[in-house]
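Numbering-wise (this note's numbering), the sequence shown opens with residue 3 and increments by one.
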Amino acid sequence: MQIAPETLIVMALWAVLVLMVLLFVYQTLRKNRRAHVLTLALAFGTVGLTLWSYRSLLPHWVSSNTAPLANGIFYILMYMMIYLHFEQVSRLQPHLVRLAFMSALVGAGLITSVVLLVVSDAPDFLVACNDFSHDAIRMAALLFGFFVSVRNWRLLHERESLVETIALLTLATGGIPTILGNYARLREVGGLSVYELGDLVTFIGLVLLIGLYLSNPNYLYRVPTPLYRVIIYNSIGIAVYSRAIRTRGLEGLVVPDQLMSMSITAVSSVLSEGLQVDAQLRLIDATRRVLLFEWKDDLSALLICERATYFARRSLQMLLKSIPRNLYERLRTDAVKIDDRLTSELDALVQASFPYVVFLEEEDKFSRLEREDREPEVVVETDDAE
């Protein structure tokens, strides 16, 4: 029995998606590399493609209308999760205008899909609205990820970011044949239907992504902004740990840890005593430098970076939560002994919490402080106590 090209392409897509889901679950459970939103996106895509596969493999059991609509619902959710993932790697909180736009598209797509599943004789404009929602969500999510990846590549010129850029552009291009089929009524290109061609291009994009993920599992969590240093302070203000981060192609910062500690203590004192605000510093934005803070009992973690992102903040939170009680008790005292053993223990915890960065050894510490042409505008954010 000869298998149709559409069935072969769908089966190949399904196999790649299942493999990626399994790899992501493995990395989450065994390697402490958590990208829940992206994993959920792949799971939605796998379920949607499974429903579509029933249409190809079991045409007598699943109608030609039910499968695409059910598949479309999960695809809408998948692309929304992909969009949210790239918001997380590029910003601390989603951009409100983009989020509202994507939410409107998702709402329109889900509502029209459900109506078309329920109503047997739906008007043509409802079908057109459903098609437009699907196409717009896919293009918007993938192009947004493409521009995030381009920004990363222009900044660091990493091979991985170039591969990711090409893969995302290929995935976005895979939606063009579908658009031509829906609106230009083009049916066939090179012996393949436009929908089969779109699936084939999508498969190529997924293969590029899975190749990138296999060669460097940490890259998909890469924060597309320079990170400079991680510092841990205890409540007394002692910098018990400090490690510079290697950012390829960029000059780093020399950070006077104890001077930084005194400055933070001074600002906190102004807030708590001078302004009578019982709060902890959460973020200091000084134009091209951001100080991102997380606090847990008597310890605080500081990340110096160029832009605060969701993944950067979550890594700080994971770092503080991962410190075992016996180590915590050693760090919180004013008699803490900072030696190679302590540094090695914290190195392991920090590297596990920041799996996507490379840390410098202390002897490779950056040699000079980057000089700014103008005084930065400083914005301080606090987290008010309830």
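We put the CB at the ideal spot given by N, CA and C, even for glycine. Small disclaimer: the values here were computed from a predicted structure and weren't measured.
Separation of the CB atoms of residue 293 and residue 301 is rounded to 16 Å, and the pair is thereby denied contact status at 8 Å.
Distance from the CA of residue 228 to the CA of residue 177, rounded to the nearest whole angstrom, comes to 32 Å. Counting only residues of its own chain and dropping the five nearest sequence neighbours on each side, residue 96 has a CB closer than 6 Å to the CB of 89. Beta-bridge partners of residue 306 (DSSP): 231, 293. Here DSSP, grouped into helix, strand and coil, assigns residue 194 to strand. Within the stretch 140-176, the complete alpha helix (DSSP H) runs of at least 4 residues fall at 161-175.
Residue 92 is positioned such that its CB atom lies no closer than 8 Å to that of residue 114. Excluding its 5 nearest sequence neighbours in each direction, residue 321 has C-beta neighbours in its own chain below 7 Å: 303, 351, 352, 355, listed in chain order. Residue 236 sits close to residue 334, with the two beta carbons spaced by under 8 Å. Apart from sequence neighbours up to five positions away, the residues of its chain that approach residue 204 with a beta-carbon distance below 7 Å are 15, 173, 176, ordered along the chain. Per DSSP, the beta bridge partners of residue 246 are 231. Ranked by Cα distance from residue 326, the options 244, 147, 340, 344 are led by 344. Within the DSSP secondary-structure output, residue 236 pairs in a beta bridge with 301. With a contact defined as Cβ atoms closer than 8 Å, residue 138 and residue 182 miss out at about 15 Å. Among the bridge pairs identified by DSSP, residue 241 is matched with 235.
Nearest Cα to residue 314 within the set 75, 359, 18: 359.
For the pair residue 142 and residue 80, the CB atoms are not nearer than the 8 Å cut-off. In the three-state DSSP reduction, residue 341 falls in the coil class, being neither helix nor strand.
In the displayed model, residue 286 falls within a strand according to three-state DSSP. Your pair residue 112 and residue 168 does not check out as a contact, with CB atoms roughly 31 Å apart and the cut at 8 Å. A check of alpha carbon separations from residue 132 across 179, 166, 77 identifies 77 as the nearest. The C-beta distance from residue 41 to residue 23 rounds to 7 Å, short enough to fall under 8 Å.
Contact check for residue 146 against residue 85 passes: the beta carbons are separated by less than 8 Å.
Secondary structure note for residue 357: it is in no alpha helix (DSSP H), with a DSSP letter that is neither H nor E. Note on geometry: alpha-carbon atoms of residue 17 and residue 52 lie some 10 Å from one another. Inter-residue distance for residue 337 and residue 331 is about 11 Å (C-alpha atoms, whole angstroms). The C-beta separation of residue 170 from residue 144 comes to about 6 Å, placing the pair in contact by the 8 Å criterion. Selection 309, 361, 213, 49 evaluated against residue 231 yields 361 as nearest (Cα-Cα). DSSP, read as helix, strand or coil, puts residue 179 in helix.
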